[in-house]
Each structure stands twice: as structure tokens, then as C-alpha cells.
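Protein chains in written order, with this note's numbering: chain A, 1 to 216; chain B, 217 to 432. Virtual Cβ for every residue (Gly too), placed ideally from N, Cα, C. Here the structure is a predicted model, which is why all the values come from computation and not from measurement.
Protein chains: 2
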Amino acid sequence: MTNAESADLSAKHALLEAAQRLFAANGFEKVSMRVLTQEAGVNLAAVNYHFGSKEGLIEAVVESYINPVNELRLQRLTDAEAEGTPGVETILDCFLRPVLESVRSSALSEKLFFQMMGRCMNDRGLGNLPATSIALFEKVTTRYPVALQRICPQLKLEEILWRLHFTVGALIHVLIHTEGLRIVSRGKIGNPSVEGILTMVKSYCSAGIQAPPNEL
Amino acid sequence: MTNAESADLSAKHALLEAAQRLFAANGFEKVSMRVLTQEAGVNLAAVNYHFGSKEGLIEAVVESYINPVNELRLQRLTDAEAEGTPGVETILDCFLRPVLESVRSSALSEKLFFQMMGRCMNDRGLGNLPATSIALFEKVTTRYPVALQRICPQLKLEEILWRLHFTVGALIHVLIHTEGLRIVSRGKIGNPSVEGILTMVKSYCSAGIQAPPNEL
DNA sequence: GTCTATAAAGTGATAGAC
DNA sequence: GTCTATCACTTTATAGAC
């Protein structure tokens with residue numbers, strides 16, 4: 001590796017690292033490239049050199065968060081289906097757990113990581129995600145409903161899609177707003193572990209998905 | 217009413233009306249006071265005269281959306297409890313329906329209204345809402361769990377709070393992201409009426425809230 | 001690849017005339 | 001209450017030297 005390449009990688013890496021931290025804590029809009037480059041210890045112009053624009057940097061960060069999660073979701077579902085016909089709880093585990101596991105491959109603290117993940121899924125709006133992320137999302141929102149319908153044949157695909165929609169909402173809300181709720185509720189929600197929260201989300205969403213079908 | 221008061225009210229009203237429309241469509245951050253005042257047909261300085269600052273205008277709009285909903289939530293629960301012990305579905309109806317009904321007392325289109333409501337609950341983060349809104353939220357998040365525990369005595373209050381947290385997440389997600397999903401899913405979610413969506417949310421969340429309790 | 005310097009445009013807020 | 005003019009500052013992006 002030449003010096004130039006090494007410098008390139010370290011500057012690029014420093015930008016990505018600072019971007020993750022600052023975007024997670026403050027949101028994409030509120031972080032200026034001046035503050036970000038200062039925090040990263042690189043020059044202001046480096047953002048445009050390495051990522052083309054602020055938007056390019058945002059997309060790089062979003063992809064680095066969302067894509068591994070969705071790839072893991074597909075892999076886990078494939079694994080589960082190889083072992084038989086997974087139940088609703090198992091399918092939900094395949095869907096939800098990758099979010100928790102990605103936290104370990106991140107340099108961010110747990111709280112910041114979850115906020116970042118929530119922001120990626122929320123602030124950008126699904127429609128204007130990077131193309132690679134949209135493609136993965138489409139695979140996920142195609143395969144999971146099929147898996148669910150296999151063991152919930154009483155539900156129309158349409159209603160499964162809606163119930164997965166509600167499930168995603170519960171997940172994102174927990175990721176983004178649980179810290180705030182902890183403060184506002186003055187401790188009334190207790191202090192469950194991440195695994196404990198996952199258990200509660202799974203039992204709630206599993207029951208919701210298996211609710212009696214509605215007339216559509 | 218004097219001319220001055222009339223002029224005051226109409227300028228203030230025009231600002232609020234434009235703020236609702238623009239904030240709903242573009243978010244609080246992205247709307248500049250220059251664009252907003254131009255849209256409202258008033259002078260740039262009017263924002264600071266009538267609301268003190270951009271932040272003051274935002275808070276006025278947020279209050280005007282959130283507070284009526286939470287007041288209605290409290291009223292509906294009071295009414296339901298006057299007629300006996302409401303079930304989970306009834307309690308959820310008291311909680312969710314006020315969001316839909318407020319749409320009719322708004323000048324906004326249905327889509328914009330729902331986005332605005334979602335933004336009020338989401339973008340600001342619960343912690344930094346106006347004081348009156350926080351007080352109402354605290355009443356709601358005190359009374360509803362009590363009502364739920366009355367008919368779900370097998371659940372600890374702590375778990376009820378978490379399940380209400382998930383419910384709010386599903387609601388907000390539907391408000392903000394359903395239009396986007398409609399596009400991305402290429403019509404696969406069908407075209408249910410607002411009342412139809414409410415029915416689906418209620419049955420999902422009702423089943424989720426009544427799921428078997430977890431070890432905490 | 002990295003830097004400085006700067007362009008070009010935007011922001012919220014306010015003093016002061018009317 | 002409403003207006004103009006302007007302040008003081010921030011933003012992203014880029015040209016050009018090194």
C-alpha cells in the first residue's frame with residue numbers, strides 16, 4: 001500500500017467514523033461539514049473529494065448501516081428455512097436480531113448505534129435511500145411476508161404486509177425513542193437489557209401478526 | 217374587534233396556516249422563514265413579532281396538533297370508563313381514533329395532516345416538546361396503562377408501558393411512512409380506507425398488548 | 001490528496017421608519 | 001402591526017496552489 005492510498009483510506013475512514021458519531025447524535029440535517037471535518041481531523045474539502053458531496057457522505061453512512069442488517073436478515077431466514085418451516089417467533093427473530101447484532105461490529109456506543117439505525121430507517125423516508133439499499137429492502141419485504149404466510153395461511157398477503165409495516169414501526173420507535181422515554185417516564189419502564197427488550201418486542205409483534213384476520 | 221386586532225389575527229392565522237402546510241410536507245428544519253412568510257403573504261419580520269422566533273412558531277404549531285389529540289384521548293377514556301370497564305379494543309379505540317378525528321378540524325389534506333401529526337410526535341423527540349404538551353402526554357401515559365392493567369391484571373405495569381410504547385411506534389410509522397410504502401410496494405398493500413387501516417392497527421396492537429406476559 | 005481562500009447563497013433575527 | 005434594510009453568521013461547494 002502506498003502512502004497516498006494509506007492517507008486516502010485513513011482520511012476517508014476518519015470522515016466515516018465522525019459522520020457515524022455525529023449523525024447518530026444530531027441527525028443528518030443538523031451536522032455541518034465544517035463541524036464534521038473538524039471532528040474528523042481532516043480538511044473541509046476532503047468531504048467533496050472523497051464523497052462528492054455531503055449527500056454522498058450521508059448515503060455512504062446509511063448504506064454501511066442498513067445493508068449489512070438486511071443482508072443478515074436474508075441470510076438468517078435462509079438458514080431458518082433450511083431447518084424446516086420456521087414459526088412466527090423464529091421469523092421475527094431472524095428479522096429483528098440482525099439489528100442488535102450489528103451493534104457489535106460498530107465503533108459506536110449501543111445508544112448511538114440504535115439511534116443511527118433508527119435514523120437510517122426513518123429520516124430518509126424509504127423512497128430516497130441509495131439504490132443498493134432499496135434493492136435489499138425489496139428482497140426483505142418480499143421474502144418475509146412469504147415466509148409468514150406459509151405458517152399463517154389464514155392471512156391474506158396484503159394484511160401480512162400491513163402487519164410487517166406495524167412491526168417495523170414498533171422496532172424503529174424503540175430504537176429512536178426509548179432513551180427519551182426512559183427519561184420522561186422517570187424510570188417507570190425499568191432497565192431491561194437489550195435482549196430483554198427484544199423478547200418483549202418479539203412477543204408483542206408475534207401476537208399482533210397472528211391476530212385474527214380482518215375483512216379487507 | 218379593532219382593525220389592529222383583526223390584522224393581528226389574520227397575519228398570525230396566515231402564518232400558522234402556512235406553517236402547518238409547509239412543515240407537514242417538508243419538516244421543521246427544511247422550511248425557512250423566508251419561504252414561509254412569502255407563502256403566508258406576510259412580512260418576514262412578522263414571525264418574530266407574533267411568535268418571538270422560528271422555534272416559537274414551531275411550538276405553536278406542534279401544540280395546536282398534539283394537544284387536542286391528547287385532550288380527546290383523555291375525554292374518550294373518561295367516557296368509556298363511565299359506561300363500565302372498557303376492553304382492550306375499546307381502550308385502543310379511545311387512544312387511536314382521536315388522531316383520525318382531528319383530521320377533520322384541520323385545513324390540511326388527509327395525507328399532510330397525518331404526516332404533520334407523525335412529525336409532531338417524532339421529530340421533536342418527546343423531551344423538548346412545549347410544556348403544555350408534555351403535561352398532557354404524562355396524563356395520557358399515566359391513565360391509559362392503568363385502564364389497560366384493570367383488564368389485563370396478569371401484566372405488570374412495566375410491561376404495559378413497553379407495549380404502549382410499541383403501539384405508539386406502530387401508529388407513528390403508519391402516519392409517516394404509509395404513503396412511501398404505497399409507492400415502494402407498488403400497490404401490494406392495497407388501498408384500504410383510513411377506517412380500514414385503523415381496524416388493522418387496532419387488531420394488531422390489541423393482540424400484541426394481550427400477549428402472554430414475559431419474565432422481567 | 002491536501003490545503004487555503006473564497007465564492008455564492010442561504011439563515012434567523014432586529015433596528016428603526018412609518 | 002407592518003415594512004425595509006441590514007447585520008452577523010452559517011451553509012455547501014469549488015478553484016487553484018502545493
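TODO: Consider the Cβ of Glu271/B: report whether some Cβ of chain A lies at a distance smaller than 8 Å.
DONE: Walking along the second sequence from the start, residue 271/B turns up at place 55. No, because no Cβ of chain A sits closer than 8 Å to the Cβ of Glu271/B.
Open item on the list: Less than 8 Å between the C-beta atoms of Val42/A and Ala11/A, yes or no?
Closed with: For the purposes of this step, residue 42/A is taken as residue 42 along the first sequence, with counting starting at 1. For the purposes of this step, residue 11/A is taken as residue 11 along the first sequence, with counting starting at 1. For Val42/A and Ala11/A, yes; Cβs fall inside 8 Å.
- [ ] Would you mind stating whether Leu397/B and Ile405/B have Cβ atoms separated by less than 8 Å?
- [x] In the second sequence, residue 397/B corresponds to position 181, counting from 1. In the second sequence, residue 405/B corresponds to position 189, counting from 1. Yes.
Task: CA-to-CA distance, Gly118/A to Ala24/A, given in whole angstroms - done: Counted from its first residue, the first sequence places residue 24/A at position 24. Counted from its first residue, the first sequence places residue 118/A at position 118. For Ala24/A and Gly118/A, the distance between alpha carbons rounds to 9 Å.
Task: Cβ-Cβ distance between Lys156/A and Leu216/A below 8 Å - done: Counting from 1 along the first sequence, the entry for residue 156/A is found at position 156. Counting from 1 along the first sequence, the entry for residue 216/A is found at position 216. In this structure, Leu216/A lies closer than 8 Å to Lys156/A by Cβ.
Open item on the list: Please list, in chain order, the chain A residues whose beta carbon lies closer than 7 Å to that of Gly334/B.
Closed with: What you label residue 334/B is simply residue 118 of the second sequence in a count that begins at 1. Correct list: empty, because the minimum Cβ distance to chain A is about 10 Å.
Task: N-terminal and C-terminal residue of the alpha helix (DSSP H) that Gly103/A is part of - done: Stepping through the first sequence from its first residue, residue 103/A is reached at position 103. The amino acid occupying residue 103/A in the given sequence is Val; Gly does not appear at that position. Segment: none, Val103/A is in no alpha helix (DSSP H) and carries neither H nor E.
Task: Start and end residues, alpha helix (DSSP H) containing Arg340/B - done: The residue given as residue 340/B occupies position 124 in the second sequence. Element bounds for Arg340/B: n/a, residue is neither H nor E.
- [ ] Kindly list the residues whose CB is nearer than 8 Å to the CB of Pro86/A, restricted to its own chain and excluding five residues on each side of it in sequence; keep chain order.
- [x] Locating residue 86/A in the first sequence gives position 86, where the first residue counts as 1. Counting only Cβ-Cβ distances below 8 Å, and skipping sequence neighbours, we find Leu77, Ala80, Cys94, Ala147, Ile151.
Task: Helix, strand or coil at Thr306/B [DSSP, three-state] - done: If you number the second sequence from 1, residue 306/B lands on position 90. Of the three classes helix, strand and coil, the one that applies to Thr306/B here is helix, per DSSP.
Task: Beta-carbon spacing of Cys205/A, Leu100/A below 8 Å - done: As a position in the first sequence, residue 205/A is number 205, starting the count at 1. As a position in the first sequence, residue 100/A is number 100, starting the count at 1. No. Outside cutoff.
TODO: Would you identify the three-state DSSP class for Ala24/A, choosing helix, strand or coil?
DONE: Locating residue 24/A in the first sequence gives position 24, where the first residue counts as 1. Here Ala24/A sits in helix by DSSP.
Open item on the list: What does the Cβ neighbour count give for Arg237/B, buried or exposed, with the cut at 16 atoms within 10 Å?
Closed with: As a position in the second sequence, residue 237/B is number 21, starting the count at 1. The residue is buried, with at least 16 neighbouring Cβ atoms inside 10 Å.
Task: Residue from Val62/A, Arg97/A, Ala60/A whose Cα sits closest to the Cα of Lys202/A - done: Counting from one through the first sequence, the residue named residue 202/A turns up at place 202. Closest option to Lys202/A, Cα to Cα, is Arg97/A.
Task: Spatial distance of Thr199/A from Asn430/B (CA atoms) - done: Taking the first sequence and counting its residues from 1, one reaches residue 199/A at position 199. Taking the second sequence and counting its residues from 1, one reaches residue 430/B at position 214. Taking the straight line from one Cα to the other gives about 8 Å.
Open item on the list: Once DSSP output is grouped into helix, strand and coil, what is the label at Leu297/B?
Closed with: Looking up residue 297/B in the second sequence gives position 81. It is Glu, not Leu, that sits at residue 297/B in the sequence shown. Of the three classes helix, strand and coil, the one that applies to Glu297/B here is helix, per DSSP.
Task: Cα-Cα separation, Val174/A to Gly385/B - done: Working through the first sequence from its first residue, we reach residue 174/A at position 174. Working through the second sequence from its first residue, we reach residue 385/B at position 169. If you take the alpha carbons of Val174/A and Gly385/B, they lie about 7 Å apart.
Task: Pro130/A at chain B interface by Cβ criterion, 8 Å - done: Start at 1 with the first residue of the first sequence, and residue 130/A comes out as number 130. For Pro130/A, the answer is no, since every Cβ of chain B falls outside 8 Å of its Cβ.
TODO: Give the secondary structure of Pro284/B by DSSP, where H, G and I count as helix, E and B as strand, and everything else as coil.
DONE: Translated into positions along the second sequence, residue 284/B becomes position 68. Of the three classes helix, strand and coil, the one that applies to Pro284/B here is helix, per DSSP.
- [ ] Kindly give me the distance between the Cβ atoms of Leu288/B and His177/A, rounded to whole angstroms, as I take these residues to be in contact under 8 Å.
- [x] For the purposes of this step, residue 288/B is identified with residue 72 of the second sequence, where counting begins at 1. For the purposes of this step, residue 177/A is identified with residue 177 of the first sequence, where counting begins at 1. Going by Cβ atoms, the distance from Leu288/B to His177/A rounds to 22 Å, so no, they are not a contact pair.
Open item on the list: Just verifying my parser: in three-state terms, what is the DSSP assignment at Glu245/B?
Closed with: Sequence index remark: in the second sequence, residue 245/B carries index 29 (1-based). Glu245/B: coil per DSSP, three-state reduction.
TODO: For Arg163/A, return the contacting residues in chain B, with the cut-off set at a CB-CB distance below 8 Å.
DONE: For this step, residue 163/A is matched to residue 163 along the first sequence. Within 8 Å Cβ-Cβ: Met416, Tyr420.
Task: Contact residues within the stretch 163-188 of chain A, judged by C-beta distance below 7 Å to chain B - done: Arg163, His165, Phe166, Val168, Gly169, Ala170, Ile172, His173, Val174, His177, Gly180, Leu181, Ile183, Val184, Ser185, Lys188
TODO: State yes or no: is the beta carbon of Pro192/A nearer than 8 Å to at least one beta carbon in chain B?
DONE: Within the first sequence, the letter at position 192 stands for residue 192/A. With 8 Å as the cut-off, Pro192/A counts as an interface residue toward chain B.
Task: Endpoints, the alpha helix (DSSP H) within which Lys202/A is located - done: Indexing the first sequence from 1 puts residue 202/A at position 202. Per DSSP, Lys202/A belongs to the alpha helix (DSSP H) from 194-209.
TODO: Report the residues of the stretch 267-296 of chain B with a CB closer than 7 Å to any CB of chain A, ordered along the chain.
DONE: none
Task: Per-residue contacts from Pro428/B into chain A (C-beta, under 9 Å) - done: To locate residue 428/B, count along the second sequence from 1; it is residue 212. Going along chain A in sequence order, the residues near Pro428/B (Cβ under 9 Å) are Ser203, Ala207.
Task: Amino acids of chain B, ordered along the chain, whose beta-carbon sits closer than 9 Å to that of Leu216/A - done: Along the first sequence, read from residue 1 onward, the residue named residue 216/A stands at position 216. Those are Gly406, Pro408, Gly412, Met416, listed as they occur along chain B.
- [ ] Report buried or exposed for Ala381/B, applying the criterion of at least 16 other Cβ atoms within 10 angstroms of its Cβ.
- [x] Here residue 381/B corresponds to residue number 165 of the second sequence, with the count starting at 1. According to the sequence as given, residue 381/B is His; it is not Ala. Looking at its Cβ environment, which holds 16 or more other Cβ atoms inside 10 Å, His381/B is buried.
- [ ] Taking only beta carbons into account, state which residues of the stretch 303-331 of chain B come closer than 9 Å to chain A, listed in chain order.
- [x] none
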